[in-house]
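First up is the structure itself, then whatever we jot down about it.
In the UniProt record's numbering, the protein residues as written are 1 to 574.
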């Protein structure tokens, strides 16, 4: 019997049919009990330790596809504790001497170790071991209680992952072989989990509000991430219908693969560039697999977020060099550090702010902490000899900020000249257009920069005064609002008047509904999650530039609302 449908926001296209895996912390409560047979209780504890060891080893093996060697070390630490006679032996000793159940002995000894490690304030390494003990003891306890811990990496069968939300680290551990889609209560198209889902090419629906209450472990569901719809306990007819849709989608994907080396040119000869966004060098596999013509956004803040301290010049140089070499002469746009807002660093003491998205972040930090900025620019300049580098400054609001950033860049070049260190003479300097003030000054900026890249995620939320992460005002996050379209067109026109090119690295750049509008406006470069590249190229190759220009004219002159534009686009796409 079909129980119904749960609607949400389609965050990453695709279909999936599989049982539900609910990711939530289980009930690990227990009572302390006296035991008469302590030897049997020790054996029960040993079995739980053995099971935990197997789970960690399996998770570690599965995570190798998505995590770096450094990130995988956490699993080595867990395995070390599971084999540590001081830790495991102490628990066995308490079971035997106090004649209590394994759960109580585990809690007693683990609490002692955690307190001991946390008290070592002068040794950061030992303090970190407290978190490892906490994780290990929770895993053993779950095994003792016969419950499954919430861990995306632990999924070893085909499943639809359901959760309140997914963190970037959760998403990075998803194994596409088993996780066929995910559905969350909260989030939007521009949330980190949604962006990572598109990078991993996993169907995803977010912002359902109630999915965790509507389903249970093992329930069969259909995920329609084109329509933002989850079908609960589907009928045989619905399963058959969606199996056919999945087969057609697989055929379409096979057709798209024939476009790997094709140019992104409309039917009437207008050529653009379709590029990919990346967060780390590991993302390059998807970029190359999907035939991207460049990297339109390299989010370098992940270098900082994945490190225990500021990444060194050499660490950054190696990362940039890797990407530039793999692109083999195709352009790579590297955004300088964009920390702040919702991205924090444990080792960077950022102030508590009423509104961090409008506060001390991105270029504002770089211009204030210039040594950190110069280290990044040195690494970028040194790496530039390995490919075609373009450097982009984020969160620029005024022409003076760009001039300050460029002055520091020129200072670093002079220092490298003095040291006899080579760098390319083809580097372009550009800015992200994400603040309305910068968009409205595009005519002046265009005289000084080499390019613009429009960051629509922030440009839309700042223009509409609507936090894109706030579900209560999500209806005001309107990419198709005529005001946004006019800003974008104004930026493109003024750049072209000065002979400069314009890209778009925000989520709108990979939105197939928006593609004809952006084409018609004259956007030069579309940058998106690698998994969207071929779909957008297919749309471009099947479009007429002249028709798209006429569409833009109608959207900007006839439409007064986002709804008007969407209606116009739907008619155009039919």
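The beta carbon of each residue, even a glycine, is placed where N, CA and C say it ideally should be.
- If you draw a straight line from the Cα of residue 301 to the Cα of residue 202, it is about 23 Å long.
- Inclusion of residue 394 and residue 362 in the CB contact set at 7 Å is warranted, their separation being smaller than that value.
- For residue 375, DSSP records no beta bridge to any residue.
- For the alpha helix (DSSP H) assignment, the uninterrupted runs of no fewer than 4 residues enclosed by the UniProt domain "PEP-utilising enzyme mobile" (157-228) are, from N- to C-terminal side, 168-172, 192-200 and 211-214.
- Pairwise C-beta distances place the region 13-26 in contact with the region 169-188, as three or more of them are shorter than 8 Å.
- For residue 494, the three-state secondary structure derived from DSSP is helix.
- Look at residue 299 here: in three-state DSSP terms it is strand.
- Minimum Cα-Cα distance from residue 485 among the listed residues 189, 554, 448 and 528 corresponds to 554.
- Note on the region 440-475: whole beta strand (DSSP E) runs with a minimum of 3 residues are 451-454, in chain order.
- By the criterion of at least three beta-carbon pairs nearer than 8 Å, the region 423-432 is in contact with the region 449-460.
- Separation of residue 56 and residue 142 (C-alpha to C-alpha, rounded to the nearest whole angstrom) is 13 Å.
- DSSP, reduced to helix, strand and coil, places residue 393 within a strand of the structure shown.
- Residue 532 has its alpha-carbon roughly 28 Å from the corresponding atom of residue 465.
- Closest in C-alpha terms to residue 152, from the list 10, 365 and 58, comes 58.
- A direct Cα-to-Cα measurement between residue 303 and residue 216 gives close to 38 Å.
- DSSP links residue 502 through a beta bridge to 452.
- For residue 402, the enclosing alpha helix (DSSP H) begins and ends at 399-419.
- DSSP places residue 366 inside the alpha helix (DSSP H), whose first and last residues are 363-368.
- In this model, residue 458 and residue 467 are separated by some 9 Å (Cα to Cα).
- Contact between residue 210 and residue 473 does not hold, since their C-beta atoms are separated by about 20 Å, which reaches or exceeds 8 Å.
- DSSP lists no beta-bridge partner residue for residue 259.
- Take the alpha-carbon of residue 502 and the one of residue 195: they are about 22 Å apart.
- For residue 426, the closest alpha carbon among the candidates 497, 239 and 331 is that of 331.
- Taking all protein chains in view, the Cβ of residue 358 is surrounded by fewer than 16 other Cβ atoms within 10 Å, so the residue is classified as exposed.
- Proximity to residue 242 across 14, 208 and 174 peaks at 14, based on C-alpha coordinates.
- The Cβ-Cβ distance between residue 11 and residue 299 does not fall below 7 Å.
- Burial check for residue 515: the Cβ neighbour count within 10 Å reaches 16 or more, so the residue is buried.
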